[in-house]
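**Student:** One structure, pasted below without further comment.
Residue numbers (UniProt numbering): 1 to 300.
See below:
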């Protein structure tokens, strides 16, 4: 169904509401992933341990099995204090919500991007909400976010009643930069990582050749047809108040998703994006990008 449904879903995206109304059969991704070798990432020892239940990280240091490395992930537990969480939730509830796909609602602050045509429109973007400024200010204490300049801030609400989720994907690589930041404001959840075996024509991965200094060795092989039970799943904990940064291989070589089964209560998160190095380096000669950077420094 290519038309936008009343719930906000369109195309292959669906939620429990439109699946029931339009009799849409959605494959159970969780069952598919459960056939894989699964590991849970521990933010304390920064290793991934065999298992599916994400609460396994809480058993640190008494892990079981043999750990594997999973580079390109930074998780800061308790990034937000309980007071900051309450303050932020109260502030976000004052901002109008828009319906989004897959059972979600959103509040978007940033430019309008056409990833297929590679065009950017500033539109009505004129800065970020003043009430959320303290979150971006806290980034300065995180070494992996050195010189991170937010260009897009998107609030996402996941409603379990609507079966909210987000399908496996890699964030576009033409304009969004090398660090993907998520602040989990309300509700515990999980980010499930699955290896990407597709072509570099998808997600604008070809753009990496123009700027990436850390991922030159990444290969995207369309011939790789591994069955799921020969693949590997990494489960990343996203407890309430935590911060997560994806970069390097985790950013570019793995798809990430949120399974509807992992949304057990209302979840609110803030997603932050930066520009790619070519955009930043060319800003001096590009009036539109110069204006975008100016607006992205404003809090109203």
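Idealized CB from N, CA, C, for every residue including glycine. Since we're looking at a predicted model, the values are computed, not measured.
Report yes if the CB atom of residue 42 is closer than 8 Å to the CB atom of residue 32, and no otherwise.
**Tutor:** Taking 8 Å as the Cβ cut-off, residue 42 and residue 32 do not qualify as a contacting pair.
**Student:** Could you have a look at residue 149 and say whether DSSP puts it in helix, strand or coil?
**Tutor:** Here residue 149 sits in coil by DSSP.
**Student:** Looking at residue 274: is its Cβ nearer than 8 Å to the Cβ of residue 149?
**Tutor:** Yes, these two residues count as a Cβ contact at 8 Å.
**Student:** Mind checking residue 253: buried by the 16 CB within 10 Å criterion, or exposed?
**Tutor:** Buried is the call here.
**Student:** With a threshold of 8 Å on Cβ separation, who are the neighbours of residue 144 within its own chain once the five nearest residues in sequence on each side are excluded?
**Tutor:** Result list for residue 144: 74, 179, 245 and 247, in chain order.
**Student:** According to DSSP, residue 9 sits in a beta bridge with which residue or residues?
**Tutor:** Its beta-bridge partners do not exist; DSSP assigns none.
**Student:** Is the beta carbon of residue 104 closer than 8 Å to that of residue 19?
**Tutor:** Not in contact: residue 19 and residue 104 (Cβ atoms no closer than 8 Å).
**Student:** For residue 167 and residue 191, what's the separation of their Cα atoms in angstroms?
**Tutor:** Rounded to whole angstroms, residue 167 to residue 191 spans 11 Å at the Cα level.
**Student:** How about residue 79: is its C-beta nearer than 8 Å to some C-beta of chain C?
**Tutor:** No chain C appears in the structure shown, which is made up of a single protein chain.
**Student:** Is the segment 44-56 touching the segment 91-106, taking contact as three or more C-beta pairs under 8 Å?
**Tutor:** Verdict: no, contact absent.
**Student:** In whole angstroms, what separates the C-alpha of residue 125 from that of residue 255?
**Tutor:** Answer to the nearest angstrom: the Cα atoms are 29 Å apart.
**Student:** Please report the residue range of the beta strand (DSSP E) in which residue 106 lies.
**Tutor:** Start and end: 104-109.
**Student:** Report buried or exposed for residue 77, applying the criterion of at least 16 other Cβ atoms within 10 angstroms of its Cβ.
**Tutor:** Exposed, because fewer than 16 other Cβ atoms sit within 10 Å of the Cβ of residue 77.
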